[in-house]
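Numbering (this note's numbering), first residue to last: 18 to 446. Reviewing the structure listed below.
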Amino acid sequence: MGRALGGAASGQRDLAAARGGWRARAYRRSSRCRRPRPGAQAGRHAYRVAASAALRSAAQVTCSYAALATRNTEFHADRVFDPRAIAAMRASLEPMATPWLAVHAAARERGLRVLTADRVEAEGIDPRQVLVIAYDWTPDAERLIARGARPAVLVSFEPPVIAWWLYYHLEEVSARFPHTFLFEGARDRVARTTWFHPLYFPQPCPPPRPTGRPWSHRRFLAMINSNKALPRGRELARWLDRPRELSVRREIAGLRYRPIARDRYRARLRAIAAFAEHDDFDLYGEGWQNRHPAVEPALHAAAQRAYRGTVEDKLKLLAGYRFALVYENTRFSGYISEKLFDCFFARCIPIYSGAPDIAQYVPPATFIDVRQFPSFPELERFLRNITEEDAKRYVDAAHTFLISPAFESWCAERFARDVVDALVQTAEE
18 MGRALGGAAS GQRDLAAARG GWRARAYRRS SRCRRPRPGA QAGRHAYRVA
68 ASAALRSAAQ VTCSYAALAT RNTEFHADRV FDPRAIAAMR ASLEPMATPW
118 LAVHAAARER GLRVLTADRV EAEGIDPRQV LVIAYDWTPD AERLIARGAR
168 PAVLVSFEPP VIAWWLYYHL EEVSARFPHT FLFEGARDRV ARTTWFHPLY
218 FPQPCPPPRP TGRPWSHRRF LAMINSNKAL PRGRELARWL DRPRELSVRR
268 EIAGLRYRPI ARDRYRARLR AIAAFAEHDD FDLYGEGWQN RHPAVEPALH
318 AAAQRAYRGT VEDKLKLLAG YRFALVYENT RFSGYISEKL FDCFFARCIP
368 IYSGAPDIAQ YVPPATFIDV RQFPSFPELE RFLRNITEED AKRYVDAAHT
418 FLISPAFESW CAERFARDVV DALVQTAEE
């Protein structure tokens, strides 16, 4: 939790350390993306660190566009900035999409129009008037920069096990951007010339509080996860849903940078198998109808016994359960996804397995840590012995956290403000 409270101060220290490197940056800067600074005598350092007030003023920047470059085609054509379009997307995309609504709104207040990268060419916009927000490193970002657009922000809501190419080449890629927003575990891997912003997975603020069932009427345990598994070794030959060459390259990258290979998919499947023996455990998510080639038949059969279909409203569903298994995609410092917060919002007690430093971000009184139990039978005994009074303590602790200043670091509006500040700073360089 201390780290959550100290994120802003840490960012300013990183900024001061990187200041000299910014001056030596190799890529060209377009003079069209500048605006006069308030106070000609203000020093470079003093201007940056003082000035949230100046940065957030109503002054307009000459560089009036920022392009979000992403591989996800469902975000293209500005759909990621349309609440109705986001509602029509796959449920798994919603947590990745909704923070950009806040960025779009915050940028508009500062005189910047944020659009998706494909719209730059479609609308005939001069790339030299465009700041690039690269969500991961994409061909669209590379093309825009080659045509004169200005790299500004590199960001990813994914950990190394998913965005493996980005993390493997992170020092090289981040050197092209003045600002990098990634999870804490990436801090030592980014280039020294970029300002590292520790990323807190953006959440809605104020947090939603759906009406849940009384404790006595709730079912025992749920898990909401897509059916994903990353193969290893000889299993690569049987992994049919990706090109073989790409799979081999990913495997090699994982040997050289271990977080790429540090997934939690097998652990998640073992948890499913352990609780699927009971009829009060329910599994939800996409893709469980078909067995992945890398998943053993016994594990798939266990998942099928507990599978209850896909989910339209996660919070409404979780509000009907006492507990939820929350297994992150990987163990990576600072990588805490929306799954944990969905439980907090729904007054459902999370059983957490993921970030090794979770207690530095979220109070331990708000969740049950899987690492405290040597086996699933012992975990199950603990859960079944929790009284309604015990449960209320977990739920109340989570509510206290959600209304505390510590939770502000997770707010989508905070993320949006920081991204837009980074865009404005880049335009002024």
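C-beta atoms are modelled at their ideal positions from N, C-alpha and C, and glycine is treated no differently.
Simplified DSSP state of E445, which is helix, strand or coil: helix
Can you tell me whether G326 is buried or exposed? The criterion is at least 16 other CB atoms within 10 Å of its CB, across all chains shown. exposed
Residue from R88, H121, I142 with nearest C-alpha to F174: R88
Sequence-distant residues of the same chain with beta carbon closer than 6 angstroms to A240, five excluded per side: The sequence shown places Met at residue 240, not Ala. Answer for M240: L300, L342, listed in chain order.
With a CB to CB cut of under 6 angstroms and the five nearest residues on each side skipped, what residues in its chain are close to K356? V343
Tell me which residue opens and which closes the beta strand (DSSP E) that D344 is part of. The amino acid at residue 344 is misidentified as Asp; the sequence shows Tyr. Its beta strand (DSSP E) spans residues 338-344.
Own chain, CB closer than 6 angstroms to F393, minus 5 neighbours either side, in chain order: A291
Taking the straight line between their C-alpha atoms, what separation do you get for Q146 and P373? 42 angstroms
DSSP-derived helix/strand/coil call for P177: coil
For R267, which residues from the same chain have a beta carbon less than 6 angstroms from its beta carbon, with the 5 sequence-adjacent residues on both sides left out? W181
What residue range is occupied by the uninterrupted beta strand (DSSP E) comprising S370? 366-370
Throw me the rounded Cβ distance for the R339 and I366 pair, which I believe falls under 8 angstroms. 6 angstroms
What are the complete beta strand (DSSP E) segments, minimum 3 residues, inside the stretch 118-165? 130-133, 147-152
CB-CB under 7 angstroms to L187, same chain, minus the five flanking residues each way: which ones, in chain order? A203, R206, V207
Check the DSSP bridge columns for R236 and list the partner residues they point to. Y338
Are the CB atoms of L148 and W117 nearer to each other than 8 angstroms? no
Alpha carbon to alpha carbon, what distance is there between T228 and H416? 14 angstroms
Three-state secondary structure (DSSP) of L216: coil
Spatial neighbours of R193 in its chain, beta-carbon cut-off 6 angstroms, leaving aside the 5 residues before and after: P168
What does the alpha-carbon distance come out to for the pair A456 and G165? The structure shown does not extend to residue 456, since the chain spans only 18 to 446, so no value can be given for it.
Taking only the alpha-carbon atoms, compute the straight-line gap between A123 and R434 and give it to the nearest angstrom. 6 angstroms
In three-state DSSP terms, what is I375? helix
What is the rounded straight-line gap between the Cα of G302 and the Cα of R230? 22 angstroms
Helix, strand or coil for R249? Go by DSSP, reduced to three states. Per-residue confidence for R249 stands at a pLDDT of 46, beneath the threshold of 50, marking its modelled position as unreliable; no derived number is given.
What is the DSSP secondary structure of I420, counted as helix, strand or coil? coil
Of the listed residues R209, I179, E201, nearest to E189 (C-alpha basis): R209
Taking contact to mean at least 3 C-beta pairs separated by less than 8 angstroms, is the stretch 218-226 in contact with the stretch 416-429? yes
With burial defined as no fewer than 16 other Cβ atoms inside 10 Å of the residue's Cβ, what is the status of G141: buried or exposed? exposed
Rounded to whole angstroms, what is the Cα-Cα separation between F198 and H214? 5 angstroms
DSSP three-state label for V328, please. coil
Cut-off 8 angstroms between Cβ atoms - residues of its own chain near F200, not counting five sequence neighbours on either side: P176, P215, L216, F349, S350, G351, Y352
So F92 and V131 are supposed to be a Cβ contact under 8 angstroms. How far apart are they, rounded? So it is not a contact: roughly 12 angstroms between Cβ atoms.
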